[in-house]
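Structure record follows, encoded as structure tokens.
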Amino acid sequence: MLSKLMEEKDYQINKATHSIFNTAYYIAKYNRPFDDHLKLVQLQELNGIKLGFALHSRHSSTNILQHISKEMKHKIIKNIIDTNAKCSILIDESTTLNLVELKNQTAENILSQLINCLHTSGLDENYLQQHWVSFVSHGASILLGKKNSIVKKLKDKYPLIFSWHCRNHRLEFAVNDSLKDLESSKCPWKIFLVFYKNLYTASNDSNRDSKTKNKYQGLLKKLASPEFVNDLAIMCDVLQELSNLSTKFQSRTITLIQAEQSIKRCIRVITSFKTNNGNYMHQAVVAIKDMKFKNIDLTSNKKMISINKNQFLTNNLKSRLLDNDGENKIILKNILVLEKSTWPEDPDI
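So, in structure tokens, the structure goes:
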């Protein structure tokens, strides 16, 4: 009788613990605050579920999730090793390394802590030598530089590795480079009229001193000039294409080849702006011809020099987005065979 009671008690405790673990897992899966753990436990008890008297606090929830994550990590690593899977490492920033606090931000230190993290996780040196095939990061010189970067040191130690520069970071750099050439165009197309009215009001505000009003009047003249409208139209057309490219990059199903094709298409479209006006530029041409934009009279500002769209548009994009490195070109060429769109419709065996 006593043994039966003990078995029943153990069963109830294990059942309650199982429910508590499920509750903690729910917290992590749906990104809920740890304070919700106790509230969810109380809710389940109100619904008649017995959850015992232990592991109800947020601290318990934290410990449970640490245990679960440790076991899941161990299971994943074991599966990787058992299946002889290839490894690819992605580092997002040079200042962080997962949850490992960096002692300093030198290439040697980041590399040392990265490899130590992999060894601690269960991937030994022998496995890394045979299965570590790629390293991906953004374009910080400490990570992807030519001479003394992490990539250079990794390739010296692990000969199978090829490196890749994150496409989204490249796109960000390309946009930044292009905007540096468009410093005169800071006002978005859609709020041009609102911005103009605000400047007009400020330039005629009797509560402001003459120096401040003169500054606003100067900005107003700059804004209401055909040169500014021309630059603004170029910026909007280019950024519209880059925005479309960014949206494609965010797709979970996009492949490396598809990303490369999207980049080349984007550059072709932007290159066409040299001879064919985009949607915004078409509106700007009409406005400049009539010397009126959004019911605002335009006055030429000789101090402003319009952007030469034949000069800058694709230079920054090609240097940032396309892979001019010989090794990367070979990689893209080799994996092209995996892209279904390149396969013949009627293969002749």
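The sequence shown finishes on residue 364 if you use my numbering, and the numbering steps up by one all the way, no holes. Where a beta carbon is used, it is the ideal one built from N, C-alpha and C, also for glycine.
- Collapsing the DSSP output to three states places F308 in a strand.
- Note on geometry: alpha-carbon atoms of L133 and D139 lie some 7 Å from one another.
- Residue environment analysis places E23 among the exposed positions, since fewer than 16 neighbouring C-beta atoms fall within 10 angstroms of its C-beta.
- Taking K168 as reference, the option from Q145, I206, N124 and N141 with the minimal CA-CA separation is N124.
- Of the other Cβ atoms in all chains shown, fewer than 16 fall within 10 Å of the Cβ of A100; this residue is therefore exposed.
- Between the region 236-252 and the region 294-305 there are three or more C-beta pairs closer than 8 Å, enough to call the two in contact.
- Within 10 angstroms of the beta-carbon of T227 lie fewer than 16 other beta-carbons, which makes it exposed.
- DSSP, reduced to helix, strand and coil, places L126 within a helical segment of the structure shown.
- Counting C-beta atoms within 10 angstroms of its own C-beta, I285 has 16 or more neighbours from the protein chains shown and is therefore classed as buried.
- Secondary structure of I83 (DSSP, three-state): helix.
- Annotated three-state conformation of S136 is helix, per DSSP.
- In this structure A239 is in contact with D312, their Cβ atoms being roughly 7 Å apart against a cut-off of 8 Å.
- Sorting I322, T268 and A302 by C-alpha distance to the C-alpha of T314 places A302 at the top.
- Look at I345 here: in three-state DSSP terms it is helix.
- Here DSSP, grouped into helix, strand and coil, assigns L313 to coil.
- The shortest CA-to-CA distance from S72 to any of L53, H82 and E86 is the one to L53.
- The DSSP assignment places no complete run of the beta strand (DSSP E) inside the region 215-296 (cut-off: 3 residues).
- Per DSSP, reduced to three states, the secondary structure at F177 is strand.
- Only buried fits V244, as 16 or more other CB atoms lie within 10 angstroms of its CB.
- Counting of Cβ neighbours within 10 angstroms places I28 among the exposed residues, the total staying below 16.
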